[in-house]
Structure formats: C-alpha cells, structure tokens
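Asker: All the letters of the sequence shown, read from the start, carry residue numbers -24 to -1, 1 to 204 under mature numbering (1 follows the signal peptide of the UniProt record, and there is no 0).
Please see the structure below; I have some questions.
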Amino acid sequence: MKIFSLYLYSLLPLFLLFTSCTEATTDRYSSSFTSDTRAVLLPEDTAGLAKATFAGGCFWCTEAYFERLQGVNAVVSGYSGGTKDNPTYHEVSAGETDYAEAVQVYYDPEEISYRELVEVFFATHDPTTLNRQGPDYGKQYRSVVFYRTPEERSIVENYVRQLDEAGTYRDDIVTQVQPLKKFWEAEDYHQDYYRINPTDPYVVSVARPKVIKFEANYRNKMKPEYRN
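Set out below in structure tokens:
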C-alpha cells in the first residue's frame, strides 16, 4: 500500500500539469489562436453601467462566477497589469509579460454595488497564495484588484482590513491593489470558456467544483436562470 501511495504521489505533478489553465488551452491555442486582441470589447449597450476589474487566477473561473450575479451585464476575460501593447495568451501564459489574467465586469450599480463585487472576488479565490491559484502558478495568476477611483481603492483596502481583523485567513492577504492602466480583451476562444467547454478536463476537475460552491453560497444573489 505504501509503494502504491508513493506511486500515486509521483503522478501528482503530471495530473496538475494536465489540469492547469495553461495546459488546457495548448491544443485550442494551436488551432484557434489569433493575434487580434483589442482594447476592451464593450457590451452592446453600456449606458448606466459601471466597470470593475479583477485578477484572481485563471480567468475561466473568475468569469463564470461574476456572470452569474444579478446586476452583472457582461464579463470579459482579458489581461491587465502589464505594459506591452496587444499582449497574447501565449506571451502571458508563458510569463513573458507582467500581465495577469483578469476579467472586466460590467454591472448596474443600482442592482449590485462595487463592495459586493469585491466581497465575491475575495470569497471565490485564495488571496493568500502568492502568484498561484490551485494548479495554476506564475505571476500571470496573481491576485489583483484594479481600481479606477480613489473611492474604489478605499473600499478594497477597508475590506482587506476587515478580513484581517476578523482573522478570516490564517495567512496574510497578498492581493495587490493597483490603479487600472489598461485592460486588453483576451482572444475569442477564452470568452465564455466555462459555458462553451463543459467537458474540458480543467473545467471538470478545477472550475466546476468551484462554481458549484459559489452557487451554493450566493444563490440569493444569482440571476434567476442560474438558480435552477
């Protein structure tokens, strides 16, 4: 039994490799990749909508959480926190840039507040792991809140302070709080990845369990179509 256990343990790195966000797109990247990334794909009608930008690991998971929330009009996967124009997934996932995988959330502030989005963000990833979320590791998977206004910055910093004072996490929160400089939309095949690719190994083994947990904890804040 001990030998068998050691054998299984030796296979763990291989399992993690094939269930990581980067590995899951290798084949899709080679067949569907386009270098055409654009600065922010806007929803058809953004009148009255506010924007919030977060990075909390693989954007397939983060996108799936936020798009289920009542008051959220659209969620776009992309890259933020770097300086290079037109970053590609190949460059970002290889750690060749300073970008993090991020999502841009378009929401109605009369239905859901920025504070509520921040709370969901912290509750749906581990803000204490530096440059890593589960099987995904590297600076492209770091935890960041990109604020647009001094008020947003204050909301985030006050909430982090509240989490610290409550002892919510055993380890220190390492989430970065940075001003948003630019958000670049990711390639088309990354958009709505969770919904479009339900049998993808990463979605099945990593993303789906997280989404199920989210749905259980935030049912009262979800859109009606996701409550069934």
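Where a beta carbon is used, it is the ideal one built from N, C-alpha and C, also for glycine.
Since we're looking at a predicted model, the values are computed, not measured.
Under the DSSP definition of a beta bridge, which residues are partnered with V121?
Answerer: F30 and V153
Asker: In the DSSP assignment, find the unbroken alpha helix (DSSP H) run with N134 in it and report its ends.
Answerer: Segment P126 to A142, the alpha helix (DSSP H) holding N134.
Asker: Which residue's Cα is closest to the Cα of V179: A28, K27, T38 and T73?
Answerer: If we check each option's Cα against that of V179, T38 comes out closest.
Asker: If we call anything under 8 Å between Cβ atoms a contact, is L156 one with I149?
Answerer: no
Asker: DSSP puts P25 in a beta bridge; with which residues?
Answerer: Note that residue 25 is Leu in the sequence shown here, rather than Pro. Bridge partners of L25: none, in fact.
Asker: Distance, Cα to Cα, N62 vs W160?
Answerer: 7 Å
Asker: Beta carbon of A76, beta carbon of R44: below 8 Å?
Answerer: no
Asker: Tell me where the beta strand (DSSP E) around E161 begins and ends.
Answerer: Judged by DSSP secondary structure, E161 falls within the beta strand (DSSP E) whose first and last residues are F159 to E161.
Asker: Can you list, in chain order, the residues of its chain whose CB lies under 7 Å from that of V132, leaving out five sequence neighbours each side?
Answerer: V94, V121, Y123 and V153
Asker: Could you spell out the range, first to last residue, of the alpha helix (DSSP H) harbouring V94?
Answerer: Y90 to A99
Asker: If we call anything under 8 Å between Cβ atoms a contact, is A99 one with T29?
Answerer: no
Asker: Could you check what DSSP says for N49 in three-state terms: helix, strand or coil?
Answerer: strand
Asker: Assuming D84 and G24 make a contact with CB atoms under 8 Å, what is their CB distance in whole Å?
Answerer: 7 Å
Asker: Starting from A76 and walking both ways along the beta strand (DSSP E), at which residues does that stretch end?
Answerer: A76 to Y83
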